Structure formats: C-alpha cells, structure tokens
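Asker: Following the working numbering, the numbering of the sequence shown begins with 21 at its first residue and continues without gaps.
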Amino acid sequence: RTGRRRPSIRPEDYPNEQTRATPKPVICLVKRLNPAQIVPHREIESPAGEENALGQLGTAYQAMGDPQRALAHLDSALVIARKTQLGQQEVDNLGLLADLFSEAGDHVRALEFLKHSDSANRALDMQSEQGDIAVAQARAHAALGNVAGAESVYGPLGL
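1) Which residue wins for smallest C-alpha separation from N113, given the options G169, A90, V173 and G165?
2) Would you call the CB atoms of A130 and S122 closer than 8 Å?
3) With a 10 Å radius around its C-beta and 16 neighbouring C-beta atoms as the bar for buried, classify Y81 as buried or exposed.
4) For G75, does the count of other Cβ atoms within 10 angstroms reach 16, so buried, or fall short, so exposed?
5) Return the residue from the list Q150, L164, G169 and L77 that minimises the CA-CA distance to H93.
6) Check whether the Cβ of T79 lies closer than 8 Å to any Cβ atom in chain D.
7) Are there 16 or more other CB atoms within 10 angstroms of the CB of P60, so buried, or fewer, so exposed?
8) Could you give the uninterrupted runs of the alpha helix (DSSP H) lying entirely in the stretch 105–163, keeping only those of 4 residues or more?
9) Where does the unbroken alpha helix (DSSP H) through N72 begin, and where does it stop?
10) By the three-class DSSP mapping on this structure, what secondary structure does D86 have?
11) Inspect the beta-carbon positions of A140 and E110 and report whether they are closer than 8 Å.
12) Just how far apart, CA to CA, sit Q105 and N166?
13) Taking the straight line between their C-alpha atoms, what separation do you get for N72 and R102?
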C-alpha cells in the first residue's frame, strides 16, 4: 500500500540480536502519538488528522506485537475514513487490518478485508495499489491451501 507503512525496523535498533524487545523507533512513535494527543484533532474538527493519528498508532502497536490495541486503533481510523470519505485512507486501513489478521493466522478474515480494500481501490481507480492487494490476496489464499484461489487473483492482472 502506498499510504501508511509500518515503522522501519532494522537489526541495529535492537539492544542485541538475541533480544526480541520492541525497537526504539516504534517506542518513540507510540510516545509521540500519545492517544491523548488525538483529542485536539476532534476539538478542531480535523477528521483527517484524527484518522491519521489513530492509523499510525495502530501501525505502531502492530509492530510492537500488540494486536488488540492495533485492531482498536485501525478500526477507529477506518470508521473515520469511511464516514468522512477519505478514500485512500480507507484502502490503507483495510489493507493494514488485512495484514493484522494475516499475521495472526486468520487468513479468512484477512481475505474479507482485502476484498473490501480491492473494491474501495477500484472505486478510486487507483491502479498503483492493485498489485499489492493482489499479492496479499494470493498469499492469503495460498496460506489457506487454496491454490486455485491464489491463481485466480493473478488471472485478471495478466500475470
């Protein structure tokens, strides 16, 4: 997806290679995007700012391995994006939610979010996103052992 991405996590961000601690940039991102700071966006009626802050928090919590908090923030960001017709952000949030469920091993749910992401993407006529969504759909189908489903995703793309 071209929008919101996970914070970059490099090996040098870890105290040592044996430790599976949360990387420093992710901790800084969560501290910088304290949920209390989202309130001013609501007070000045900036849904795009609120959606962005919630989405970034969700992405950071996902990178930190906290799927419950990630889900709560990404879901809230999706609701705002849909309500305020922020099309690109809707596609991004749907894709991030699909990633979250895929990482949790719930590929059926991931496919549901990818289907909605694909529909929203097509409505916006954003060709650049189509490949990323198709690859994610094919991987989810493959994880479920559905080779025909994985192959069917690539057919319409001419791959």
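We treat Cβ as the ideally placed atom computed from N, Cα and C, and that holds for glycine. Just so we're clear, the structure is a prediction, and the values are computed from it rather than from any experiment.
Answerer: Answer, in terms of the structure:
1) A90
2) yes
3) buried
4) buried
5) L77
6) Here chain D cannot be found, since the structure has a single protein chain.
7) Model confidence at P60 stands at a pLDDT of 49, short of 50, so the residue's coordinates are unreliable; what they give is reported in the following sentence. Result: exposed.
8) 107–123, 127–144 and 147–163
9) P67 to A83
10) Coil, per DSSP.
11) yes
12) 34 Å
13) 13 Å
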